[in-house]
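Read through the structure below, which is laid out as structure tokens, and then see the notes.
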Amino acid sequence: MPKYLLLKHYSGGPEPHHPFPPMDQWAPEDVEAHFAFLRQVRALLEETGEYVDSQALAPTQTWVRYGGPDAAPVVTDGPLPETNDLVAGWYLVDVETRERAVEIAAYISSEPGPGGGPLHEWIDVREVLSRSSSPSEE
Amino acid sequence: MAGEPTSAWDEGALRALVPRVLAGLVRRGEQFDAAEDALQEALLEALRVWPAHPPRDPRAWLTTVATRRLVDARRSEAARQRREEESAAAEPAPAAADAAEVGDDTLFLLFRCCHPALAPASQVALTLRAVGGLTTREIADAFYVPEATMAQRISRAKRTLRGRRFDRPGDLAVVLRVLYLVYTTGHAGPPDRVDLAAEAIRLTRQLTLATAEPEAHGLLALMLLNHARLPARVDAQGRLVTLDRQDRGLWDRREIAEGVRVLQAALARQTDQRPPGHYQVEAAIAALHDDAASAAETDWPQILSWYDDLVGLSADPVRDDPAAVLGRAVAVGHVRGAAAGLRETDRLRDVLGERHRWHAVRGHLHELDGDLAAAADAYAEAARRATTVAERDHLVRRAARARAAASPPATGARTSAHARDGET
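Chains A and B, in that order, are what the protein sequence lines are. First residue of the first sequence? That's 14 in our numbering, and the numbers climb one at a time after it. First residue of the second sequence? That's 7 in our numbering, and the numbers climb one at a time after it.
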């Protein structure tokens, strides 16, 4: 079965459906509802046997490149433009079809936001290339 | 491990034998790394065989099987040894386990595994395997790395130790630090993993059988006194519950009583030349928290006085032990007022200003001061720097609650928030 990485972003991606403030400015009950929903997403994916992994990333980003034989690594940690793609975390799912991955992504995107309505957050859906080729393709 | 609850030999009983058997092999002249590998294989076999056929003398059984493995290994290496198997087959049955011997064996091995030539991560991994008897898979799970990675870390550590001399006593301070690292890893981790906190307590308890060093006993007390609160630290939804909001009825009274007893015995050995060390002082602070029937009854002046001692143990506490200075700032806030506590944290800005805990403490002190807007900002800053999901979510909640209390939502939304999460 193909695996898909469903990425959440702190910034970057298409124009947001609607702007929303950072979470620490939401009403406390909306924060609780949001966290409860995320717990439920994971429970659901475990229940269906599609869950592989989920991780959250800290918002600090550092770009590093080789600096040359006798030089220190070149390091850039910002400031980066607001439109910079900054990944916040992901779900890795193992699903039957691409359609199912999209369905799960849309469900994640329905997570409740401030005021309780759906956040409509863009989810970045990426197929993970399989390591083994299927016998039929050899 | 596949421990059957009905079998006469549970995993704990099996693992308690590990340092005894391994120390016996090494003292007999076997190479540490080869002996450790052989014992690991013997343990896996024991888990397979013992549920159906419990041995009469488990320690002798393990020694015999591990010795066979050592012989096999040597034979395949040199293809010349012939009759060792017979000579290794019958180990004399040992006398009933003597507490002092268990302690000696544990200490003997801990000094090896916590050798200063090893990085902390290697010291921890090797200790858990060679002294704790955990499998490589369990250790890998506990640290969220692939099993192959952990296997490599362990074998590199053993290679580093090969050929080093162990004729002098090791550094007990390093051993204590490694054990505390094991404990704190377990304390923070989710409960469905290998219970490293319990494992650290078990090993430290074994260690205290061999040494009268008050700091070893202080460390055991500190672990017990913190571990007692663990059942109240996370609620049914997996949310962190801070000390001041915990259901104290869930605290383990027996563990607290033992911790206090161990601590008092350690403190009784102090002299003017030798004041209580770091772990004893931290244990004393933990004991005072454990002793309060409610958060409001916490004896903050007494806690502050212990923090004064703790800070006094370092020549330059801000650089050498900023965590102690930060803990003291909280106590100052409760004793002399939040503003005084905040002033204490100012000194730490250069050292801890990028750490979530510094911002979280300031959030707490601002809250204590009644400045909820500043508290919300500080908690939000802390959340951005949090290093675990549970802490991050907790700090976002604190920020949102402080923000809502500072400026009640104008767009007349719901009013049920406070009733629902029951923490405000």
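A virtual CB, placed ideally from N, CA and C, is assigned to each residue, including glycine.
Residues are counted here when their Cβ sits less than 9 Å from a Cβ of chain A; for the stretch 371-391 of chain B these are A382, D383, Y385, A386, A389, R390, R391, given in chain order. Exposed is the label assigned to V141 of chain A, since fewer than 16 other Cβ atoms lie within 10 Å of its Cβ. Sequence-distant Cβ neighbours of E303 of chain B in its own chain, meaning closer than 7 Å and more than five residues away, do not exist here. Interface annotation for the stretch 57-78 of chain A against chain B: A69, P72, criterion Cβ-Cβ distance under 7 Å.
For A148 of chain B, no Cβ of chain A is located within less than 8 Å of the residue's own Cβ. In this structure, DSSP gives S320 of chain B a state outside helix and strand, which the three-state scheme calls coil. In this structure, the beta-carbon distance from Y313 of chain B to E221 of chain B does not fall below 8 Å. The beta carbon of A406 of chain B falls within 8 Å of a beta carbon belonging to chain A, placing the residue at that interface.
Just measuring C-alpha positions, the residue of B:L378, B:R361, B:D258 sitting nearest L236 of chain B is B:D258. Between L132 of chain B and the set B:A40, B:C119, B:E205, B:L230, the nearest pair of CA atoms involves B:C119.
Between the alpha carbons of A71 of chain A and L99 of chain A lies a distance of about 10 Å. Residues of the stretch 28-41 of chain A with a C-beta less than 8 Å from any C-beta of chain B: P35, M36, D37, Q38, W39, A40, P41, listed in chain order. Between P127 of chain A and F50 of chain A, the gap from beta carbon to beta carbon reaches 8 Å or more.
Looking at the backbone, the Cα of L18 of chain A and that of A119 of chain A are separated by about 13 Å. Judged by DSSP in its simplified three-state form, H372 of chain B adopts helix. Around R139 of chain A, the same chain offers L18 as residues with beta carbons nearer than 6 Å, after the five sequence neighbours per side are excluded. Look at the beta carbons and you see the stretch 223-231 of chain B not touching the stretch 148-156 of chain B: under three pairs across the two are nearer than 8 Å.
Secondary structure note for Q68 of chain A: it is in no alpha helix (DSSP H), and the uninterrupted beta strand (DSSP E) holding it is 64-69.
Under DSSP, W103 of chain A forms a beta bridge with A:L20, A:Q68. In the structure shown, W76 of chain A falls within a strand segment according to DSSP collapsed to helix, strand and coil.
DSSP places R74 of chain B within a helical segment (H, G or I) once states are collapsed to three. Residue state for P131 of chain A is assigned as strand, using DSSP reduced to three classes. A direct Cα-Cα distance of roughly 36 Å separates A69 of chain A from A346 of chain B.
Ranked by Cα distance from I262 of chain B, the first of B:R21, B:V181, B:D296, B:L187 is B:D296. Look at the beta carbons and you see the stretch 207-221 of chain B not touching the stretch 398-410 of chain B: under three pairs across the two are nearer than 8 Å. A48 of chain B places its beta carbon 8 Å or farther from that of L28 of chain B. Of the residues B:D43, B:A238, B:P61, B:A194, the one whose Cα lies closest to the Cα of R74 of chain B is B:D43. Residues of chain B whose Cβ lies closer than 8 Å to the Cβ of V44 of chain A are, in chain order, V402, R403, A406.
A straight-line Cα-Cα distance of about 28 Å links D83 of chain A and L124 of chain B.
The C-beta of W364 of chain B has 16 or more other C-beta atoms within 10 Å across all chains shown, which makes the residue buried. Counting along the chain, no alpha helix (DSSP H) covers R139 of chain A; the unbroken beta strand (DSSP E) around it starts and ends at 137-141. Contact of R409 of chain B with chain A by beta-carbon distance below 7 Å involves D37, Q38. If you ignore the 5 residues before and after L310 of chain B, its C-beta comes within less than 6 Å of the C-beta of A337, V341, all in its own chain and listed in chain order.
Judged by DSSP secondary structure, V115 of chain A falls within the alpha helix (DSSP H) whose first and last residues are 111-122. Sixteen is the threshold: since fewer than 16 other Cβ atoms of the shown chains lie within 10 Å of the Cβ of R34 of chain B, the residue is exposed. From the beta-carbon of F48 of chain A, the residues of chain B found nearer than 7 Å are D399.
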